[in-house]
Each structure stands twice: as structure tokens, then as C-alpha cells.
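In this text, residue positions in the sequence shown follow the numbering used here: the first is 5, and each later residue adds one.
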Amino acid sequence: MKQERIILDVDTGSDDAVAIVCAMLEEEYDLLGITTVGGNCELKNTTDNTLRVVDACGGGVSVHMGSELPLASTLVPWGIQGMTLPHYEKNNVFGSFHPDRLPLPDPISKVQEPRAAVWLIETLLAQPDYSVTLIPVGPETNIALAIRADDRILKKIKRVVLMGGTHDVYYPTQAAEFNIWADPEAAEILLTSGLDITMVSLDATSDVLLTEEQSQMIRAIGTVPAVFVADMIDQRLKASGNNAGAALHDPLALCAAAHPEVLTDVWDTSCHIDLGRGYAYGETVLGRNYMQVKGEDGMLHDLPNNVHYARKADREFFFHWLYDILSSAANH
Ligand code: BDR
Ligand code: CA
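#1: Less than 7 Å separating the Cβ of residue 183 from some heavy atom of ligand 2?
#2: Excluding the five sequence neighbours on either side, which residues of its own chain have a C-beta within less than 8 Å of the C-beta of residue 171, listed in chain order?
#3: I'd like to confirm something about residue 20: is its beta-carbon nearer than 7 Å to some heavy atom of ligand 2, or not?
#4: With C-beta atoms as the reference, is residue 67 less than 8 Å away from residue 18?
#5: Measuring alpha carbon to alpha carbon, tell me which of 229, 159 and 42 ends up nearest residue 141.
#6: Where does residue 291 fall in DSSP's three states?
#7: In the DSSP assignment, find the alpha helix (DSSP H) that holds residue 319 and state where it starts and stops.
#8: State the beta-bridge partners of residue 306 as determined by DSSP.
#9: Near residue 12, which residues of its chain fall below 6 Å by C-beta distance, leaving aside the five closest residues on each side in sequence?
#10: Given a threshold of 16 other Cβ atoms within 10 Å of its Cβ, counted over all protein chains shown, does residue 167 qualify as buried or as exposed?
#11: Smallest Cα separation from residue 33: which of 261, 332 and 323?
#12: Of the residues 215, 157 and 123, which one's Cα is nearest the Cα of residue 134?
#13: For residue 164, collect the residues of the same chain with a Cβ closer than 6 Å to its Cβ; drop the 5 residues on either side in sequence, then sort them by chain order.
#14: For residue 63 and residue 70, what's the separation of their Cα atoms in angstroms?
#15: Quick check: the Cα distance between residue 333 and residue 125, rounded to an integer number of angstroms?
#16: How would you label residue 252, buried or exposed, when you count the other beta carbons within 10 angstroms and need 16 or more for buried?
#17: Out of curiosity, what's the CA-to-CA distance linking residue 72 and residue 302?
#18: For residue 361, which three-state DSSP category applies?
#19: Based on the DSSP secondary-structure assignment, which residues constitute the bridge partners of residue 312?
#20: Give me, in chain order, the residues of the same chain whose beta-carbon lies closer than 6 Å to that of residue 259; leave out the 5 immediate sequence neighbours on both sides.
#21: Nearest to residue 331 by alpha carbon, out of 242, 248, 308 and 231?
#22: What residue range is occupied by the uninterrupted beta strand (DSSP E) comprising residue 163?
#23: Kindly indicate which three-state DSSP category residue 181 falls into: helix, strand or coil?
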């Protein structure tokens, strides 16, 4: 019985690809549609990759193309207009994690109209109040555009479970996690929306490493989605060079939305984004870092909590969940 209506927003991307598989195969989920955004690669590639994965899981999910560029930032990973981080070389470190074209057949499914922000508004307004879980696992550009264009959608959203932010583990800059860094202004719009937000941070996703042995177990399930997931794990093992295992960040958000117990250390805290355009641009500044504001009484007060910030996750729980949804799909 499908209980949870979800919308997935992706920048596919090898780990987004596994998140799509999870969204389509987890029986708890009623997937209303997928929106795409530029991020791990250019929008045309993140969208094409998304269609490939949807087809690999049997198709039948509508995919809506979203924003190519961030709202205001001029730093984009693939270097449009020559603007990018100095050390960020396409097809070097990043390209080995996220190929422009995932190793799946050309898509049969086609991208659907309207574009993402419009589709998000139309789709959400047609739902009962507080009924949809939004799961953004890329830069939050589409979500921010939709919120700004029609804030009546806020009432339709039950909660947001996003992959993004960091406290202790940094990539790609010394201050920021990728999804937030790739569109800091959009992330701040979401964080100040008043929505119930769980942040599945890079700290938490770095806990759930998958090993070569686990990849082989998944491959042995033998279905197209399972073999593909094993391919993605192997590719990330190779790209990271980490013998302890490969982090698959985005699927943890899918696991956490259905099984919150996978998150083992969750802080209720304030969280805002550094928008200063300096070295810390895109940093997730937590209340735990002593962020305070002066109140009308002239005293310093803590900022109100606006997120549940997940800092640790259960590695074994995550693997068994992933394995189970892939193997039960094989038996249906
Ligand atoms: C996030 O950045 C992207 O590269 C991944 O797809 C994930 O969403 C991890 O920081
Ligand atoms: Ca992603």
C-alpha cells in the first residue's frame, strides 16, 4: 500500500540515479513526478540521465525539466561562461563521479511539459493540504523558484527531506557542501520558508559507505535496476579510491523519508546559509555555531530552530533497506 506522496528533485548524477531507483521501487512511496536541475552535470544531461533511470525501472513517471542555472550564484560546476571554482575541472575529479551520460540505453520516455517550477506549483496546488513530502537531492533552485512564484504551495507540503549541508565534512569547498554551494540563495529561500525540513547532511551520508562485497550482493539480485545500482557503487568506489567504501549520498534521503530511524543523531537547530560570496559562500551555519540575533529587548537571542539536521546515520540499516527494496522488486 503506497502511503507517502513524494516529489523528487534531482541533478542526475550517479547517486541521484540510485535515489531515483529507490523512489520508484520503495513500496511506501507514491511518486508524483521528478523534476530535474543543473548540478552534477548540465541540465540537458541531468534530465537525459533521469529519463534513462526511469526507463530502467519500468517507466511511467513524469519527468519535468527545471533550471539550468542557480538563482544568483555565478559559480557553476560545469563552468558555463567560464565561471567556476579554480580547482573544479570538468571530467577530472567531478566527471569521474558523475558521467554526463549514465551507462544505460538511450531513453524511450520523454520529458513532459510544463517545466519544473510550473509543474511543482500546479501539482502541489491539486493535492490535499500538508500531504506531499518533497525530496530535493540537488541544488534547490526549482523549489525556491516555485516557492517565490506561488507561496500557496507551502500549505500543500507536509515536509521536506533534503540531501545537503555539512558541519564536519567539506566538499567541494573548505566551507560548503555541493548542493548548497551550487545554489546558496535557493537553499536560504527554502530554509526560511517555514516548512518542516530534515537536512540529510554530508556528515550523515558519509557514514553510510557501501563496500565492494555489498555491491556484489546487490548485483547478484540480477534485475536491471539492481545491476545498475551495483554499477554505480563500483564506479563511486573507483572514483573515490576509498577502500572503506563508497558514499552514495542521495539515496539516504529516500531511506530517511520512509524510515527516519536510519538517522541516528539529529539536531533540532537553526540553519542558515552564508551568502557573503567570500570563502564561506554556501556554508551551512548552524545555531550550534552560536548564531544569535539582537532582540527588541536589546539582548542576544538564539535564532529559532528551522531544521532537523541529521548528523549521523546507521550504515547497516541503510544497506539492508537498499538491498530489500531491490530484491523485493525482483520478486514482484
Ligand atoms: C551531493 O552533491 C552531489 O554531487 C551529489 O549528487 C549529492 O547530491 C553530495 O554533496
Ligand atoms: Ca545530487
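C-beta atoms are modelled at their ideal positions from N, C-alpha and C, and glycine is treated no differently.
So, to answer that:
#1: The count along the sequence shown starts at 1 and reaches residue 183 at position 179. Residue 183 Cβ: within cutoff of ligand 2.
#2: Residue mapping note: residue 171 aligns to position 167 of the sequence shown, counting from 1. Within the same chain, residue 171 has close Cβ partners 205, 207, 288, 290, 292, 313 and 315.
#3: Taking the sequence shown and counting its residues from 1, the one referred to as residue 20 is at position 16. Correct: residue 20 has its Cβ closer than 7 Å to ligand 2.
#4: Numbered from 1 along the sequence shown, position 63 holds the residue referred to as residue 67. Numbered from 1 along the sequence shown, position 14 holds the residue referred to as residue 18. Against a cut-off of 8 Å, the Cβ pair of residue 18 and residue 67 comes out as no contact.
#5: The count along the sequence shown starts at 1 and reaches residue 141 at position 137. Nearest option by C-alpha distance: 42.
#6: Counting from 1 along the sequence shown, the entry for residue 291 is found at position 287. Residue 291 falls in the helix class under three-state DSSP.
#7: For the purposes of this step, residue 319 is taken as residue 315 along the sequence shown, with counting starting at 1. From DSSP, the alpha helix (DSSP H) with residue 319 extends over 319-334.
#8: Numbered from its first residue, the sequence shown carries residue 306 at position 302. Residue 306 is bridged to 296.
#9: The residue labelled residue 12 in the question sits at position 8 within the sequence shown. Only 27, 38 and 139 meet the Cβ criterion.
#10: Counting from 1 along the sequence shown, the entry for residue 167 is found at position 163. Residue 167 is buried by the Cβ-count criterion.
#11: Against the sequence shown, residue 33 aligns to sequence position 29. For the residues 261, 332 and 323, the minimum Cα distance to residue 33 belongs to 261.
#12: For the purposes of this step, residue 134 is identified with residue 130 of the sequence shown, where counting begins at 1. With distances taken between Cα atoms, residue 134 lies closest to 157.
#13: Translated into the one-based positions of the sequence shown, residue 164 becomes position 160. Same-chain partners within the cutoff: 138, 199 and 201.
#14: In the sequence shown, residue 63 corresponds to position 59, counting from 1. In the sequence shown, residue 70 corresponds to position 66, counting from 1. Each residue's alpha carbon lies about 19 Å from the other.
#15: Mapped onto the sequence shown, residue 333 falls at position 329. Mapped onto the sequence shown, residue 125 falls at position 121. Rounded to whole angstroms, residue 333 to residue 125 spans 31 Å at the Cα level.
#16: In the sequence shown, the residue the question calls residue 252 occupies position 248. Label assigned to residue 252: buried.
#17: Translated into positions along the sequence shown, residue 72 becomes position 68. Translated into positions along the sequence shown, residue 302 becomes position 298. Near 44 Å, if we compare the C-alpha coordinates of residue 302 and residue 72.
#18: Lying outside 5 to 336, the shown extent of the chain, residue 361 is not represented and no answer is given.
#19: The sequence position of residue 312 within the sequence shown is 308, counting from 1. DSSP, once it has assigned bridges, lists 202 and 272 as partnering residue 312.
#20: Translated into positions along the sequence shown, residue 259 becomes position 255. The residues are 266, 322 and 325.
#21: If you number the sequence shown from 1, residue 331 lands on position 327. The option with the nearest alpha carbon to residue 331 is 231.
#22: Your numbering for residue 163 matches position 159 in the sequence shown. From DSSP, the beta strand (DSSP E) with residue 163 extends over 161-167.
#23: Reading the sequence shown from its first residue, position 177 is the one you call residue 181. Correct three-state label for residue 181: strand.
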